[in-house]
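Student:
There are 2 protein chains.
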Amino acid sequence: MSHPSDRQAPDLAALIARNRPRFRTATEFVEAAMREAILEGVLPAGAPLRQEDLAAAFGVSRMPVREALRQLEARALVEFHPHRGAVVAEISAEDSADIGAIRAALEPAALRLSLLHLTTDDLALATELIAEMDAEADPGRMGELNRRFHMTLYSRAGRPRLLALVEQHLAAADRYLRFQFSALGYHPRSQDEHHALLAACRAGDADAACDIVVRHVIQAGEQLSAFLDGRG
Amino acid sequence: MSHPSDRQAPDLAALIARNRPRFRTATEFVEAAMREAILEGVLPAGAPLRQEDLAAAFGVSRMPVREALRQLEARALVEFHPHRGAVVAEISAEDSADIGAIRAALEPAALRLSLLHLTTDDLALATELIAEMDAEADPGRMGELNRRFHMTLYSRAGRPRLLALVEQHLAAADRYLRFQFSALGYHPRSQDEHHALLAACRAGDADAACDIVVRHVIQAGEQLSAFLDGRG
DNA sequence: TGCCTGGATATTGGATCCAATTTACCTGTC
DNA sequence: GACAGGTAAATTGGATCCAATATCCAGGCA
Numbered sequence: 010m011s012h013p014s015d016r017q018a019p020d021l022a023a024l025i026a027r028n029r030p031r032f033r034t035a036t037e038f039v040e041a042a043m044r045e046a047i048l049e050g051v052l053p054a055g056a057p058l059r060q061e062d063l064a065a066a067f068g069v070s071r072m073p074v075r076e077a078l079r080q081l082e083a084r085a086l087v088e089f090h091p092h093r094g095a096v097v098a099e100i101s102a103e104d105s106a107d108i109g110a111i112r113a114a115l116e117p118a119a120l121r122l123s124l125l126h127l128t129t130d131d132l133a134l135a136t137e138l139i140a141e142m143d144a145e146a147d148p149g150r151m152g153e154l155n156r157r158f159h160m161t162l163y164s165r166a167g168r169p170r171l172l173a174l175v176e177q178h179l180a181a182a183d184r185y186l187r188f189q190f191s192a193l194g195y196h197p198r199s200q201d202e203h204h205a206l207l208a209a210c211r212a213g214d215a216d217a218a219c220d221i222v223v224r225h226v227i228q229a230g231e232q233l234s235a236f237l238d239g240r241g
Numbered sequence: 010m011s012h013p014s015d016r017q018a019p020d021l022a023a024l025i026a027r028n029r030p031r032f033r034t035a036t037e038f039v040e041a042a043m044r045e046a047i048l049e050g051v052l053p054a055g056a057p058l059r060q061e062d063l064a065a066a067f068g069v070s071r072m073p074v075r076e077a078l079r080q081l082e083a084r085a086l087v088e089f090h091p092h093r094g095a096v097v098a099e100i101s102a103e104d105s106a107d108i109g110a111i112r113a114a115l116e117p118a119a120l121r122l123s124l125l126h127l128t129t130d131d132l133a134l135a136t137e138l139i140a141e142m143d144a145e146a147d148p149g150r151m152g153e154l155n156r157r158f159h160m161t162l163y164s165r166a167g168r169p170r171l172l173a174l175v176e177q178h179l180a181a182a183d184r185y186l187r188f189q190f191s192a193l194g195y196h197p198r199s200q201d202e203h204h205a206l207l208a209a210c211r212a213g214d215a216d217a218a219c220d221i222v223v224r225h226v227i228q229a230g231e232q233l234s235a236f237l238d239g240r241g
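Sequence lines, in order, name chains A and B.
The opening position of the first sequence corresponds to residue 10 in my numbering, with each subsequent residue numbered one higher.
The opening position of the second sequence corresponds to residue 10 in my numbering, with each subsequent residue numbered one higher.
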């Protein structure tokens, strides 16, 4: 029922139509759709965000757009320049390293809190997600699967704020991952690490699992930094 | 001037007057002032945030207030209930533990990145801030000094996003710290830890410094959790 | 020729106005 | 007397309107 082109061709119009009915206030809807659009690269880094245009695209007035932009500003996804408008936040090697440092700090903490409370269902789901990743070629879907895999392992941490932060930065990293993926191709080493991570979780070995996560994050960050530095 | 129908605390007016000239857009100004008001307890947890009242208090229309509220929502300082209004985010033992877990993860990471780049000026400033804390009785000022002390030690990490996150959660913790301070009094143990932390930084001993920070955060969190649990 | 100045234009920031939803209260009935 | 229904008031969400500011281009002056 969904041919590749349906969910693959994520132009702004499709993304809007898909999300419209799910939200009760226009602001919520615009905020969620724009966040997705930015994270998926539909709105590329540096793109100017003209309120009037966005309002027309969403079929609302400028006001919900403005409120949504403010929320995204607080999440560092857009930048405001007073009286000059908002732009999609730029990406850079420094920012990538910044996000990597945050992930390397937060994710082991979440994993450690979650590890012992993971159910067999959780582990089964994680296994399934790894398998799906093997079969997936689209960078967008891949990023989502990767995010869900990690979040599944952290999900029992019982710390909503911590998990929200982890998810937020996992998503932020996706902006880079997608970039990297389409430029370099995805390398299987990451999948090996996923398997190793899952094995450590099954064994309940927190130290080993955290170690793998940290290395996983750092190594991805370094590769990306090198790539971004290389192209300027 | 402020009659019974004014629902906000009386010294909100002072806070507003103090901050007004510093910002160029009304939204920025309102956002900063409200954040400070919430963190300082001027707007207590659970307080309903009537847009009309706030607009009148700030001398602006409802719109900058709405945009500011959206930004604060993204920072988890206020909660929106559709068509029912916004309230100041509640505090709870769980949330305190949540913030503690985040700080315990982020702050050692920031410290480790910053430690070797600290200048003698930084260390001198940190020393001064500890001394000021000894002399300070007001919980509000104390919280600010504590925050500045910590941030001084992290300031050379060279990771803007990480530092912003740390500062944000340090400030969030302040909401609890202030609460604790006025209920329990401040205990000198924390100051001892500050001295020990500074000594480790001077010595360039990252492991020891991180260890102290983690224990510092965890112990504050536990004491606070116990206190909050105790009162319901 | 190059730089500065001034005005026109586009775009955002802020205010006001209208609609939609929720809540509280009042009334009527069981 | 209590509960259900409905209506009115209050408040938010959204749209439109106006003002303030930044950019861009043209023209004058050194």
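Just so it is clear, CB atoms sit at the ideal spot from N, CA and C, and this is done for glycine as well.
1. Would a C-beta distance cut-off of 7 Å place B/ILE221 and B/ALA205 closer than the cut-off?
2. In the DSSP assignment, what residue or residues form a beta bridge with A/GLU88?
3. Ordered along the chain, which non-local residues of its own chain (more than five positions away) have a Cβ less than 6 Å from that of A/PHE190?
4. To which residues of the same chain is B/VAL223 closer than 7 Å at the C-beta, ignoring the five residues directly before and after it?
5. Closer than 7 Å by C-beta to A/LEU48: which residues in its own chain qualify, once you throw out the five before and the five after it? Chain order, please.
6. Can you check whether the C-beta of B/HIS111 is within less than 7 Å of a C-beta belonging to chain A?
7. Let's see if you can read the secondary structure: which residues bound the alpha helix (DSSP H) around A/ASP104?
8. Give every residue of the same chain whose Cβ lies closer than 7 Å to the Cβ of B/GLU202, excluding the five residues on either side of it in the sequence, and list them in chain order.
9. Could one say the Cβ of A/ASP238 lies closer than 7 Å to chain B's Cβ atoms, at least one of them?
10. Does the beta-carbon of B/ALA229 have 16 or more other beta-carbons within 10 angstroms, so that it is buried, or is it exposed?
11. Quick check on DSSP: helix, strand or coil for A/PRO73?
12. Pull up the distance between the alpha-carbon of B/VAL39 and that of B/HIS92, whole angstroms please.
13. Below 8 Å, can you find three or more Cβ-Cβ pairs linking the segment 96-111 of chain B to the segment 52-59 of chain B?
14. Would you mind working out which of A/SER199, A/LEU186, A/GLN200, A/ALA215 sits nearest A/ALA166, comparing C-alpha positions?
15. Excluding the 5 residues flanking A/SER123 on each side, which residues of the same chain have their C-beta closer than 7 Å to its C-beta?
16. Note down the Cα distance separating B/PHE188 from B/SER199, rounded to an integer number of angstroms.
17. Between A/THR136 and A/GLU76, is the Cβ-Cβ spacing less than 7 Å?
18. Taking the alpha helix (DSSP H) that B/PRO148 falls in, what are its first and last residues?
19. Can you list, in chain order, the residues of its chain whose CB lies under 7 Å from that of B/ILE227, leaving out five sequence neighbours each side?
20. Counting only the same chain and skipping the five closest in sequence on each side, list residues whose C-beta sits under 8 Å from that of A/PHE67.
21. If you check the beta carbons only, do B/ARG170 and A/ASP238 fall under 7 Å apart?
22. How is A/LEU207 classed by DSSP in three states: helix, strand or coil?
Tutor: In terms of the structure at hand:
1. yes
2. A/VAL96
3. PRO148
4. ALA113, PRO117
5. ALA180, ASP183, ARG184
6. Looking at the sequence provided, one finds Ile at residue 111 of chain B rather than His. Chain A, which has a Cβ nearer than 7 Å to the Cβ of B/ILE111, makes this yes.
7. 102-123
8. ILE221, HIS225
9. no
10. buried
11. helix
12. 21 Å
13. yes
14. A/ALA215
15. LEU162, TYR163, SER164, ARG165, ALA166
16. 16 Å
17. no
18. 148-163
19. GLY109, ALA113
20. ILE25, ALA35, PHE38, VAL39, ALA42, PRO73, VAL74
21. no
22. helix
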